[in-house]
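One structure is given below, encoded as structure tokens.
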């Protein structure tokens with residue numbers, strides 16, 4: 005299983021970024037896909053999740069600002085991040101589970117300047 009995240013960068017507060025994650029090695033269409041983020045010294049937190057049926061869930065801190073989506077043909081999951089805040093600064097990770105194991109991408113840095 006490989007997860008390749010991209011799309012991070014430096015953006016001013018109020019700006020937008022779109023993260024992408026390409027998955028391989030799994031039956032993508034039946035897998036729930038998640039985005040997590042982590043700040044140094046803090047635990048990794050779940051930001052957004054999308055089920056195989058495209059049901060979505062979000063952390064309270066990002067509701068109304070972030071949107072997770074998926075393209076099963078391209079085997080991609082996306083995280084559209086709008087109205088970014090400095091507290092959204094973190095490394096963002098794509099994640100899924102397969103046969104009881106957790107799989108993580110390398111992460112992509114998002115930095116929001118005030």
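In our numbering, the protein residues as written are 5 to 118. From the three backbone atoms N, C-alpha and C, an ideal C-beta is built for every residue, glycine too.
Spatial neighbours of residue 118 in its own chain (CB-CB distance under 7 Å, excluding positions within 5 residues in sequence) are listed in chain order as 17 and 90. The C-alpha of residue 6 is placed about 6 Å away from the C-alpha of residue 29. Two segments are said to touch when three or more pairs of C-beta atoms, one from each, lie closer than 8 Å; by this definition the region 32-45 touches the region 91-103. Apart from sequence neighbours up to five positions away, no residue of its chain approaches residue 77 with a beta-carbon distance below 8 Å. Ranked by Cα distance from residue 75, the first of 20, 24, 14 and 11 is 24. Looking at 31, 47, 114 and 36, the one whose alpha-carbon comes closest to that of residue 61 is 36.
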